[in-house]
Amino acid sequence: MNRMPAALTCVHARTRRRVFTLAFAGAVAGGLALAAGASADLLTPESGGSANADDIDTLYKIVLVVATVIFIGVEGALVYSLVKFRARKNAVAAQIRGNTRLEIGWTIGAAVVLVVLAVVTFAMLGGIRTPPNSDADGFATPVVQNVSSASAFQPRPPNGRSLNIKVNGQRYVWRYTYPDDDDNVLNNAFSYVEMVVPTKTTITLNIDAQDVAHSWWIPALGGKFDGVPGHTNFTWFKIDKPGVYRGQCAELCGRNHADMVAQVRAVEPAEFKTWLETKEREIDENNAGALERRKADAEAATTPAEEAP
Amino acid sequence: MAAVDTAVRIPEITAHHVEPEPTGWVSWVTTTDHKRLGIMYLVTTFVFFLLGGVEALLMRVQLGAPDNTFLTPSTYNALFTLHGTTMVFLFVVPIMAGFANYFLPLMIGARDMAFPKLNALSYWLLLAGGIVFYGSLFFAPPEAGWTSYAPLSGSAFSPTSGIDAWIFLIHLTGISSLLGAINFYATIANMRAPGMGWGRLPLFVWSILVYAILLILALPVIAGAVTLLLTDRHFGTGFFDQSQGGDPLLWQHLFWFFGHPEVYIMILPGFGIISEVLPVFARKPIFGYKAIAASTVSIAFLAMLVWAHHMFSTPSATIVLIFFMISSFLIAVPTGVKIFNWVATLWRGTIEFKTPLIFSVGFISIFLVGGITGVFLAVFPVDWQLTDTYFVVAHLHYVLVGGSVFSIFAGIYYWFPKMSGRMLGESMGKWSFALMYVGFNVTFLIQHAIGLDGMPRRVYEYPDVGHLGLYNLISTIGSFILAVGIGLTVINVVRSLKVGVKAGPDPWKANTLEWFMPSPPPVNNFDAIPRVRSVEPMKDVRRQVARQTASSIELGEDPSMSESRA
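Quick look at the structure:
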């Protein structure tokens, strides 16, 4: 290119400049068009299962609006100055070293935007962090008070009643333990992978982990909460209509991390009652059966083995 | 303008005899010359960059289709561990040290770094760290991610020695960076040219000063943390084992107490490069020199206070979450100030669209997106949805590729003429930029949507639900466009070493002292160190030359314009 005559280089440079300006403007415009015609999952987090997920979605959208305005403003100023102030014949660069008022102005401006975002977050925090009461026709839940690891940041509904399920992350499966009215945890109903819950009922979760750190995440039911060995984490959700909500472990836990899925199936409170009773009965039967077998084994061990060589 | 300063003379050493530069590979291995070490840093780290890039492409191939079986889970996990670790510890942090090695002494008018032998040691420790780490490829590479969270990185869940190779890398590159940081600090503090007060320090040097301070503050923490991990793994301690009274969360706190300052360690020198390039090609002084220098310092201060925003989904009290949200918000203010100042630097300039400028402008437009998505992630309830998903992957690449890599490429195109004496091909450079810019955005813009669609990071496969297949395919295609763009610059560099146009001492009509010498500069840098009278010493030099020769040398500006501060 440097062997070209000067005039030709100049023409080339100008077209190239134009191509780049166009490409840049095209990329920005393309991004915006994509944003405008976007479907819900393209631009916003999943929601629609529980009120806390919906509130997070709203908060996200507020931030998105502010962000879009700032994005367009700054990229616009950038593109404008690139087009308007490109080197031309006889153009002279203004030797400006700064403008104290302007600089203080935009520092304060940026701070004000962030103060507004912080205030909005605080205003919405209660609804996201604190669970509501169950509906009157929800599943009759006991008062959560016998939770072993009571904590200052455990969310509780105002009336203190919720269905408190223990979520335990294990490589590479989730285990759920349901509450019952005695202190023996060995006879509680439990399930793996799929958590069955009643609708119209506030579900509080105590999340921990068996081996390495895991992260509980059902997107439509609210955010992630890590299960860390030795700690208990808390979240809640309340589902209005029956349905299935899918998610998976979100914290790297080993080779099969990608396959550590979870799902929540919400059913009517009456159906849940039946499901829970069936589970508890099965567990009682199994426990009784196991006890029988152990007894038989113990007797066999004490009886001298006749057929032994 | 003040007349030529003859009244005040300070004693200085003037070179009367310069040894010819030694040649041969032994001279490279034994060198303590900051310029040679700088080139060794740049070449070594760029090789690691290409390795990390190949790892990324392999991952993108695996993710190009749902339920793909191109890679096994353990290979995939090893690849993202290698990729993240390489890019952070073997590319971005040390390549900034490479630029600083070469240009910091030149920019402040010094003949070498303060401790040249220590400087050589820094380089060799870096190389040793890289070799030890990549040596693990031949037995069992680590699979716990570049964050190596306990207990996953403990001996119970990572019994092979890959994690130990990772720990060794952290120690070796850590000592390398720490020694380098002390060297930079000592050089800047003590070896500036006469007249170069703190207010006349080039902004790149400001950013390296702050980079050095952050390294000195943050690296001992990670060095301690990985030592605890090492004793946990091999000597029976239980610092991160809850069953022995330790705590897995302690690892996360220690890691991120280092890890977040590390993010600014990686980006601040890039900011410095941009602050050098923009005024040169806009033919205009930097807008708000003091504000940019001050924002660099305040970013560094705040960077030490935001670490737990990586841990919003861990068991934490609300008040802790609120503190780290506010501190993360605060850091957006000085970062925003920098972006405004850069745009204002272009404003009313006469912008010459040379490749370094184009990369700098590309940097601003991409980094802005990374900064804005950072605000989403700082709002902790929103972060509960976004953390550990592809939204975060997109965010961090907008910051680290869009931010650091584009600024590094701006630096390569800007400074290559000084290092080699030859210009890089402009046309190929612009094509490289165009492909990188398009490829980058195609790869990573869609990843925001992948994350919002519910795909966590660090998964080797995903089911064919929703648009995940399409989005991931788009991202994979983009990554190859990006790779071609990077490849063009590699070709450009190799080619220009032979056929590039001779650059001369000051091809860009730049502002800072490194352009005072021939390209490449002689071993001793300066025969006589010039006295610095402003923040743009080369402008003064050109003005003085023009005045003394009464010639019509183009100054790249209108000398009659007085400098104004409105």
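Protein chains in written order, with my numbering: chain E, 45 to 353; chain Z, 791 to 1356. Cβ coordinates follow ideal geometry from the N, Cα and C atoms, glycine included.
At a Cβ threshold of 8 angstroms, is Z:Ala1081 touching chain E?
-> Along the second sequence, one-based indexing puts residue 1081 of chain Z at 291. Z:Ala1081 counts as touching chain E.
Starting from Z:Pro1207, follow the alpha helix (DSSP H) in both directions and report where the run begins and ends.
-> Here residue 1207 of chain Z corresponds to residue number 417 of the second sequence, with the count starting at 1. Note, Z:Pro1207: alpha helix (DSSP H), Phe1196 to Ser1210.
Alpha carbon to alpha carbon, what distance is there between Z:Gly989 and Z:Val798?
-> The residue given as residue 798 of chain Z occupies position 8 in the second sequence. The residue given as residue 989 of chain Z occupies position 199 in the second sequence. In this predicted model, Z:Val798 has a pLDDT of only 49, less than 50, meaning its place in the structure is not dependable enough to derive any value.
Own chain residues within Cβ distance below 7 angstroms of Z:Thr1179, not counting five before or after = Walking along the second sequence from the start, residue 1179 of chain Z turns up at place 389. In its chain, beyond the 5 residues on either side, Gly1241, Met1245, Pro1246 and Arg1247 have a beta carbon closer than 7 angstroms to the beta carbon of Z:Thr1179.
Proximity below 8 angstroms, CB of Z:Gln1175 to CB of E:Ile100 | The residue given as residue 1175 of chain Z occupies position 385 in the second sequence. The residue given as residue 100 of chain E occupies position 56 in the first sequence. Yes. Within cutoff.
With distances taken Cα to Cα, identify the nearest neighbour of Z:Ser1269 among Z:Leu1235, Z:Ala868, Z:Gly1211 and Z:Lys1299.
-> Stepping through the second sequence from its first residue, residue 1269 of chain Z is reached at position 479. Looking at the Cα atoms, Z:Leu1235 is the closest of the given residues.
Nearest to E:Glu238 by CA position, among E:Ile262, E:Asp224 and E:Lys244, is which residue?
-> Taking the first sequence and counting its residues from 1, the one referred to as residue 238 of chain E is at position 194. It is E:Ile262 whose Cα lies nearest to the Cα of E:Glu238.
Can you find at least 3 beta carbon pairs, one from the region 904-922 of chain Z and one from the region 1277-1293 of chain Z, that sit closer than 8 angstroms?
-> Taking 8 angstroms as the limit for Cβ pairs, the verdict is that the region 1277-1293 of chain Z does not touch the region 904-922 of chain Z.
Would you say E:Gln360 reaches chain Z, if we count a Cβ-Cβ gap shorter than 8 angstroms as a contact?
-> Absent from the model: residue 360 of chain E. The displayed extent of chain E is 45 to 353, so no value can be given.
Flag this pair as touching only if the region 262-282 of chain E and the region 228-237 of chain E have three or more C-beta atom pairs under 8 angstroms; answer yes or no.
-> no
So, is Z:Val966 buried or exposed, given that buried needs 16 or more other C-beta atoms within 10 angstroms?
-> Here the question's residue 966 of chain Z lines up with position 176 in the second sequence. The amino acid at residue 966 of chain Z is misidentified as Val; the sequence shows Ser. It counts as buried.
Establish whether the CB of E:Ser178 and some CB of chain Z are separated by less than 8 angstroms.
-> Walking along the first sequence from the start, residue 178 of chain E turns up at place 134. No, E:Ser178 lies away from the interface with chain Z (no Cβ there is under 8 angstroms from its Cβ).
DSSP on E:Arg325, reduced to helix/strand/coil?
-> Translated into the one-based positions of the first sequence, residue 325 of chain E becomes position 281. Residue state, collapsed to three classes: helix.
N-terminal and C-terminal residue of the beta strand (DSSP E) that E:Asn208 is part of | Taking the first sequence and counting its residues from 1, one reaches residue 208 of chain E at position 164. From DSSP, the beta strand (DSSP E) with E:Asn208 extends over Leu207 to Gln214.
Among Z:Val1195, Z:Gly1164 and Z:Pro1171, nearest to Z:Phe1181 - alpha-carbon criterion | Residue numbering aside, residue 1181 of chain Z sits at position 391 when the second sequence is read from its first letter. The shortest Cα separation from Z:Phe1181 among Z:Val1195, Z:Gly1164 and Z:Pro1171 belongs to Z:Gly1164.
Give the residues from the region 1122-1147 of chain Z that approach chain E closer than 7 angstroms (Cβ to any Cβ), ordered along the chain.
-> Ala1122, Val1123, Gly1126, Val1127, Ile1129, Phe1130, Val1133, Leu1136, Trp1137, Arg1138, Gly1139, Thr1140, Ile1141, Glu1142 and Phe1143
Along the alpha helix (DSSP H) that carries Z:Phe958, what are the first and last residues, could you check?
-> As a working note, residue 958 of chain Z is residue 168 in the second sequence. Segment Gly952 to Asn980, the alpha helix (DSSP H) holding Z:Phe958.
Cβ of Z:Ser1117 within 8 angstroms of any chain E Cβ = By 1-based counting over the second sequence, the position of residue 1117 of chain Z is 327. Residue contact with chain E for Z:Ser1117: absent (no Cβ-Cβ distance below 8 angstroms to any residue of chain E).
Can you give the beta carbon distance from Z:Phe1061 to Z:Ser997, rounded, assuming they're within the 8 angstroms contact cut?
-> The count along the second sequence starts at 1 and reaches residue 1061 of chain Z at position 271. The count along the second sequence starts at 1 and reaches residue 997 of chain Z at position 207. Yes, Z:Phe1061 and Z:Ser997 are in contact; Cβ-Cβ is about 6 angstroms, under 8 angstroms.
The alpha helix (DSSP H) spanning Z:Leu1019 covers which residue range?
-> As a first step, residue 1019 of chain Z must be located in the second sequence, where it is residue number 229. For Z:Leu1019, the enclosing alpha helix (DSSP H) begins and ends at Leu993 to His1024.
Determine, using beta carbons only, whether Z:Arg1323 comes closer than 8 angstroms to chain E.
-> Residue numbering aside, residue 1323 of chain Z sits at position 533 when the second sequence is read from its first letter. Not one chain E Cβ lies under 8 angstroms of Z:Arg1323.
In chain order, what residues of the same chain have a beta carbon less than 7 angstroms from the beta carbon of Z:Tyr1360, not counting five sequence neighbours either side?
-> Lying before the first or after the last residue shown, residue 1360 of chain Z is absent from chain Z, which here runs from 791 to 1356.
Determine, using beta-carbon pairs with one atom in the region 873-881 of chain Z and one in the region 972-991 of chain Z, whether at least three such pairs fall under 8 angstroms.
-> no
The region 1131-1141 of chain Z in contact with the region 307-315 of chain E per 3-pair CB rule at 8 angstroms | no
From Z:Gly1275 to Z:Thr1108, what does the alpha carbon distance come to, in whole angstroms?
-> One-based indexing of the second sequence puts residue 1275 of chain Z at position 485. One-based indexing of the second sequence puts residue 1108 of chain Z at position 318. Approximately 45 angstroms, taken between the alpha carbons.
Z:Arg1073 - DSSP class collapsed to helix/strand/coil | Position 283 of the second sequence holds residue 1073 of chain Z. In this structure, DSSP gives Z:Arg1073 a state outside helix and strand, which the three-state scheme calls coil.
Of all Cβ atoms in chain E, is any one closer than 8 angstroms to the Cβ of Z:Ser1269?
-> Along the second sequence, one-based indexing puts residue 1269 of chain Z at 479. No, no contact with chain E.
Selected residue, minimal CA-CA separation from Z:Val1357, among E:Ala97, E:Gly92, E:Gly93 and E:Leu86 = The displayed coordinates of chain Z run from 791 to 1356. Any statement about residue 1357 of chain Z would go beyond what the structure contains.
Give the straight-line distance between the Cα atoms of Z:Leu1258 and Z:Phe1166, rounded to the nearest whole angstrom.
-> Walking along the second sequence from the start, residue 1258 of chain Z turns up at place 468. Walking along the second sequence from the start, residue 1166 of chain Z turns up at place 376. Z:Leu1258 and Z:Phe1166: Cα-Cα distance of roughly 22 angstroms.
Which residues mark the beginning and the end of the beta strand (DSSP E) in which E:Ser259 is found?
-> Taking the first residue of the first sequence as 1, we reach residue 259 of chain E at position 215. Where E:Ser259 is concerned, the enclosing beta strand (DSSP E) stretches over His258 to Trp260.
Give the residues of chain Z in contact with E:Ile114, contact being defined as C-beta atoms less than 7 angstroms apart.
-> Residue 114 of chain E sits at position 70 when you count from the first residue of the first sequence. Going along chain Z in sequence order, the residues near E:Ile114 (Cβ under 7 angstroms) are Ile1162.
Using DSSP with H/G/I as helix, E/B as strand and the rest coil, what is Z:Lys1128?
-> Here the question's residue 1128 of chain Z lines up with position 338 in the second sequence. If DSSP states are grouped into helix, strand and coil, Z:Lys1128 belongs with the helices.
Coarse secondary structure for Z:Glu1326, derived from DSSP in three states | The residue given as residue 1326 of chain Z occupies position 536 in the second sequence. In the structure shown, Z:Glu1326 sits in coil (DSSP, three-state: anything other than H, G, I, E or B).
Uninterrupted beta strand (DSSP E) stretches inside the region 121-151 of chain E (no shorter than 3 residues) | none
Starting from the C-beta of Z:Asp1022, find all residues in its chain whose C-beta is less than 8 angstroms away, skip the five residues before and the five after it, and write them out in chain order.
-> Translated into positions along the second sequence, residue 1022 of chain Z becomes position 232. Here the set comprises Ala940, Gly944, Ser945, Gly1028, Phe1029, Phe1030, Asp1031 and Gly1036.
In the structure shown, what three-state DSSP assignment does Z:Ile1319 receive?
-> Along the second sequence, one-based indexing puts residue 1319 of chain Z at 529. Three-state DSSP puts Z:Ile1319 in coil, outside helix and strand.
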